[in-house]
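The sequence shown begins at 123 in the numbering used here and counts up by one.
Encoded as structure tokens, the structure appears first; notes follow it.
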Amino acid sequence: MRHMKVGGLMTDEVVSAVPATPFREVVRLLAEHEISGVPVVDEDDHVLGVVSESDLLARRELTARELMTAPAITVHAEEAVGDAARLMVRRGVERLPVVDEEERLVGIVTRRDLLCVFLRPDAEIRRRIREDVLEDAMGLPGDAVDVHVLDGVVTLGGRVRLRSQAVMLPRLTTLVDGVVAVVDLLSAREGGSPLAPPARTARTAHDISW
Numbered sequence: 123m124r125h126m127k128v129g130g131l132m133t134d135e136v137v138s139a140v141p142a143t144p145f146r147e148v149v150r151l152l153a154e155h156e157i158s159g160v161p162v163v164d165e166d167d168h169v170l171g172v173v174s175e176s177d178l179l180a181r182r183e184l185t186a187r188e189l190m191t192a193p194a195i196t197v198h199a200e201e202a203v204g205d206a207a208r209l210m211v212r213r214g215v216e217r218l219p220v221v222d223e224e225e226r227l228v229g230i231v232t233r234r235d236l237l238c239v240f241l242r243p244d245a246e247i248r249r250r251i252r253e254d255v256l257e258d259a260m261g262l263p264g265d266a267v268d269v270h271v272l273d274g275v276v277t278l279g280g281r282v283r284l285r286s287q288a289v290m291l292p293r294l295t296t297l298v299d300g301v302v303a304v305v306d307l308l309s310a311r312e313g314g315s316p317l318a319p320p321a322r323t324a325r326t327a328h329d330i331s332w
């Protein structure tokens, strides 16, 4: 299944500091650019750590080397947006420096950037469900079930052949970028124990451990 990549959302003009950058200069960088943290890089643009507003409030009159939180928590540009979001939540950070294959700084991504995924147009979400979930992942025709999307909430209706298909479709749909919740109204014709009558239960983005 295709997912949006971090590289497509990151800011590539990154404000950064070096280990010797003094306290007052770091403060100036944050204020001037209206940001809440800066990555600290070496002469080869490798990320050594991150200095945040909380780091600055805790200590005074130091250099970036002494202020920064290290080692830095980074993400690669080719990683999926969902993976980056889960990493942010798990590590309790507001931003992630983005690095290339050689671990050099190429951008930065924030929680606000990642939330842009949920502004994906309903028509695009519907198309991705038909192509990525039904056709590519499940091997079914794109019109095998009814797919309705409103404000990111997906309703799946109709009947598939196997119970396993009816169980898997909502799960995979939840993983599509931009999906806020899934209302499962599917039923199956055969295979395993019969499904319970369709219920308007929603599987939400919170069911994924971000």
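Cβ coordinates follow ideal geometry from the N, Cα and C atoms, glycine included.
**Asked** According to the neighbour-count rule (16 or more other Cβ atoms, all chains shown, within 10 Å of its Cβ), is ALA139 buried or exposed?
**Response** buried
**Item:** Contact under 9 Å by Cβ, VAL271 with ARG248
**Value:** yes
**Prompt:** Skipping 5 residues on each side, what residues in its chain have a beta carbon closer than 7 Å to that of ARG134?
**Reply:** Per the sequence shown, the amino acid found at residue 134 is Asp instead of Arg. Excluding sequence neighbours, ASP134 sits near VAL228, GLY229.
**Asked** Out of curiosity, what's the CA-to-CA distance linking VAL231 and ARG212?
**Response** Roughly 16 Å between the two C-alpha positions.
**Asked** If we call anything under 9 Å between Cβ atoms a contact, is THR196 one with GLU165?
**Response** In this structure, THR196 keeps its C-beta atom at 9 Å or more from the C-beta atom of GLU165.
**Proximity of ALA310 and VAL282 at Cβ, strictly below 9 Å** = Yes, they are a contact pair.
**Asked** In the DSSP assignment, what residue or residues form a beta bridge with VAL160?
**Response** As computed with DSSP, VAL160 is found in a beta bridge with VAL173.
**Item:** GLU312 - partner residues in DSSP beta bridges
**Value:** Beta-bridge pairing by DSSP links GLU312 to LEU284.
**Exposed unless 16 or more other CB atoms sit within 10 angstroms - verdict on LEU81** = A query on residue 81 cannot be resolved here, the shown segment of the chain reaching from 123 to 332 and no further.
**Request:** Can you say whether VAL128 is buried or exposed, counting buried as having 16 or more other CB atoms within 10 angstroms of its CB?
**Result:** buried
**Prompt:** Do you know whose CA, among VAL160, ARG181, HIS168, lies nearest SER174's CA?
**Reply:** VAL160
**Message:** Taking 8 Å as the limit between beta carbons, can you name the residues of its chain near GLU154, skipping five residues before and five after?
**Reply:** none
**Prompt:** What residues in its chain sit with their C-beta under 8 Å from that of HIS198, if we drop five residues either side in the sequence?
**Reply:** VAL128, VAL220, VAL221, ASP222, GLU223
**Message:** Please classify ALA180 as buried or exposed, where buried requires at least 16 other C-beta atoms within 10 Å of its C-beta.
**Reply:** exposed
**Prompt:** Per DSSP, what kind of secondary structure is THR295 in: helix, strand or coil?
**Reply:** helix
**Request:** Rank ASP265, ASP205, LEU307 by C-alpha distance to the C-alpha of ASP299 and give the top, closest one.
**Result:** ASP205
**Item:** Exposure of GLY171, with buried meaning 16 or more beta-carbon neighbours within 10 Å
**Value:** buried
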